[in-house]
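**Q**
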Amino acid sequence: MVLYSKKVIEEFSNPANVGVIEDADGVGEIGSTIDGDIINISIKVKDNILEDVKFKTFGCVVAISTSSAVAKLAKGKTVDEAMALTNEDVINYLDGLPEGKDRCSGFALDALKMAIEDYIHKSE
Amino acid sequence: MDTMKRIYMDHSATTPVDSLVVDAMLPFFSETFGNASSLHSFGTEAAEALSLARKQVADAIGALPEEIIFTSGGTESDNLAVRGVVPFNEGKKHVITSVIEHPAVLNTCAFLESLGHEVTYVPVDTDGLVDVKALGKSIKENTVLISVMHANNEVGTIQPIEEISAIAKEHNIYFHTDAVQSVGKIPVNVDDLGVDMLSISSHKIHGPKGVGALYVRKGTTISPIVFGGNHEKGMRSGTENVSGIVGFAKAMELAVERLADDSIHMTRMRDSLIGRVFDTISDVRLNGHPSKRLPNNVNMSFKYVEGESMLMLLDMQGVAVSTGSACSSKSLKASHVLSALEIEDEFIHGSLRISLGRENSMGDIDYVVNALQETIAKLRAMSPLAGR
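Those protein sequences? They're chains A and B, same order as listed.
Everything in the first sequence is counted per full-length UniProt numbering, starting at 1 for the first residue and increasing by one.
Everything in the second sequence is counted per full-length UniProt numbering, starting at 1 for the first residue and increasing by one.
#1: Exposed or buried, residue 275 of chain B, counting other C-beta atoms within 10 Å across all chains shown (16 or more means buried)?
#2: Spell out a yes or no on whether the stretch 239-253 of chain B and the stretch 156-173 of chain B are touching, meaning 3 or more CB-CB pairs, one atom from each, closer than 8 Å.
#3: For residue 189 of chain B, collect the residues of the same chain with a Cβ closer than 8 Å to its Cβ; drop the 5 residues on either side in sequence, then sort them by chain order.
#4: Who are residue 44 of chain A's beta bridge partners in DSSP?
#5: Using a Cβ cut-off of 8 Å, pull out every chain B residue sitting near residue 56 of chain A, in sequence order please.
#6: Any Cβ of chain B within less than 8 Å of the Cβ of residue 28 of chain A?
#7: If I'm right that residue 11 of chain B touches residue 355 of chain B with Cβ under 8 Å, what's the distance once you round it to whole angstroms?
#8: Helix, strand or coil: which one does DSSP assign to residue 4 of chain A?
#9: In the stretch 87-142 of chain B, which residue ranges form an unbroken alpha helix (DSSP H) of at least 4 residues, counting only runs that do not cross its ends?
#10: If contact is defined by three or more beta carbon pairs under 8 Å, each pair taking one atom from either stretch, is the stretch 300-313 of chain B in contact with the stretch 344-355 of chain B?
#11: Straight-line CA distance for residue 361 of chain B to residue 340 of chain B?
#12: For chain B, find out if any of its Cβ atoms is closer than 8 Å to the Cβ of residue 15 of chain A; answer yes or no.
#13: Please return the same chain residues whose Cβ sits closer than 6 Å to the Cβ of residue 255 of chain B, not counting the five positions on each side in sequence.
#14: My assumption, with CB atoms under 8 Å, is that residue 100 of chain A sits in contact with residue 332 of chain B. Please give the rounded CB distance.
#15: In whole angstroms, give me the CA-to-CA distance for residue 52 of chain B and residue 382 of chain B.
#16: Should residue 74 of chain A go down as buried or exposed, given a rule of 16 or more other Cβ atoms within 10 Å for buried?
#17: Measure from the alpha carbon of residue 123 of chain A to the alpha carbon of each residue in A/72, A/16, A/48 and A/85, then state which is nearest.
#18: Alpha carbon to alpha carbon, how far is residue 207 of chain B from residue 358 of chain B? Give it in angstroms, no decimals.
#19: Among B/193, B/366, B/200 and B/386, whose alpha-carbon lies nearest the alpha-carbon of residue 277 of chain B?
#20: Taking only beta-carbon atoms, is residue 345 of chain B less than 8 Å away from chain A?
#21: Whole angstroms are fine: how far does the CA of residue 214 of chain B sit from the CA of residue 142 of chain B?
#22: Pop quiz: residue 116 of chain A and residue 105 of chain A are said to be a contact at Cβ under 8 Å. What is the actual Cβ separation, rounded to whole angstroms?
#23: Note down, in chain order, all residues in the stretch 36-56 of chain B with a beta-carbon under 8 Å from any beta-carbon belonging to chain A.
#24: So residue 155 of chain B and residue 287 of chain B are supposed to be a Cβ contact under 8 Å. How far apart are they, rounded?
#25: Exposed or buried, which one is residue 230 of chain B when buried takes at least 16 other CB atoms within 10 Å?
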């Protein structure tokens with residue numbers, strides 16, 4: 001059994017920002033039922049700042065905890081700052097991930113970046 | 001003080017050691033501690049204990065004491081059975097097994113393939129029953145062994161062992177069954193089943209870990225896979241784990257003695273759990289055969305949620321179970337057993353194995369049903385798939 005940090009368990013058991021923004025400015029979804037994890041992230045942008053970030057996730061402990069972490073990290077940041085978030089930022093926020101699971105952290109981040117790209121595309 | 005209720009329902013993984021088993025073992029650590037191969041009185045005492053244990057294990061499955069080889073557990077027993085009957089120096093041999101065997105059999109078969117032998121992996125139906133017709137058709141002139149488990153460790157499906165053994169006998173092929181999950185749950189008698197070899201593990205029946213046995217019918221020719229001082233008639237060298245073997249034998253004795261009561265108790269809990277989950281939680285399916293299944297096995301899949309997440313939330317409520325879904329690097333991987341049952345994608349990642357034990361109660365079932373309802377509701381509220 002993998003050993004998760006207290007922070008991972010905390011984000012997994014009490015995730016913040018769960019849901020879907022109905023009038024979202026950008027939406028990103030990644031994954032499939034065949035491969036596994038599906039992460040949907042929706043964002044609301046005001047004055048170039050991610051005013052709200054919500055997620056819905058089907059997946060394992062890492063998928064849920066990284067989704068929660070990404071939403072928290074991105075909320076309140078400018079579009080550029082959110083786009084600049086890295087896997088390392090997510091892993092550090094969660095006080096590390098077990099070996100072999102560290103690569104999973106990028107999945108939620110990919111969904112966030114897809115949502116931002118969707119926002120940019122719609123704004124053009 | 002932590003007062004959270006803790007309920008263990010992962011008995012297919014391992015079981016708590018029965019206090020009577022512990023009592024039986026204790027004198028063999030520091031009092032009767034001799035090496036059973038030593039000629040002095042200390043050794044003789046240990047050898048006598050081994051001899052009695054061999055008889056107890058043999059009696060429990062309708063075998064003769066000389067047909068029991070003590071091993072380190074189910075994995076070694078499976079390895080010895082599968083590797084032991086395939087002579088490495090007499091050309092290419094053919095082995096038949098099923099796609100849902102335990103890795104102890106499947107990985108041994110893969111090893112035999114790497115040595116140039118041939119293995120046929122027989123499919124199962126959607127309930128997990130081995131396709132007996134396909135098995136019969138796969139027999140070749142050089143088939144030396146059929147190995148099909150008695151009951152599956154994940155979905156609990158009980159295989160038609162008597163039917164398969166009749167086919168094996170008709171073609172003069174050795175037949176091995178991995179009975180690690182069935183011993184103590186359903187009747188296991190080597191003559192009734194018609195098997196030539198049968199694997200047993202102690203820790204699945206409230207005995208200690210690290211000990212088990214392979215039953216080898218008289219007249220079956222096998223080669224050892226562990227070499228040394230010719231213990232166990234040369235079939236498994238290594239100083240015998242006397243205390244472990246004594247505990248194992250006691251656990252076997254208790255398993256047989258309590259089989260009827262345990263079976264009734266576990267079947268009642270199993271059926272109540274399944275019924276109540278189906279009555280109160282939507283989008284659920286039962287994996288494995290609806291009736292030909294172990295009395296203690298419940299394997300269910302819940303749509304829109306993932307196994308590890310369910311397992312962790314249940315653990316936080318004090319409930320210990322297993323899942324057939326594993327996550328690795330951005331993708332979820334279903335167990336080879338669930339994949340073989342061709343369970344739909346929507347269900348395959350959300351599997352839970354709840355394996356009951358004799359110490360569980362109907363009160364535990366109430367608690368687990370409530371915990372499951374909460375867990376599934378919480379995860380579905382978070383799932384983008386629910387409600388689509």
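Positions of the beta carbon are idealized from the N, C-alpha and C atoms, including for glycine.
**A** Let me spell this out:
#1: exposed
#2: no
#3: When the five nearest sequence neighbours on each side are left out, the beta carbons in the same chain lying within less than 8 Å of the beta carbon of residue 189 of chain B are those of 61 and 62, in order along the chain.
#4: DSSP output for residue 44 of chain A lists A/52 as bridge partner(s).
#5: 382, 383 and 384
#6: Not an interface residue.
#7: 4 Å
#8: coil
#9: 103-114 and 132-137
#10: yes
#11: 32 Å
#12: yes
#13: 184 and 205
#14: Wrong, their Cβ atoms sit about 14 Å apart, outside the cutoff.
#15: 57 Å
#16: buried
#17: A/48
#18: Rounded to the nearest angstrom, the gap between the Cα atoms of residue 358 of chain B and residue 207 of chain B is 13 Å.
#19: B/366
#20: Interface with chain A (8 Å Cβ-Cβ cutoff): residue 345 of chain B is included.
#21: Near 24 Å, if we compare the C-alpha coordinates of residue 214 of chain B and residue 142 of chain B.
#22: Their Cβ separation, rounded to whole angstroms, is 17 Å, which puts residue 116 of chain A and residue 105 of chain A out of contact at 8 Å.
#23: Residues: none.
#24: 5 Å
#25: exposed
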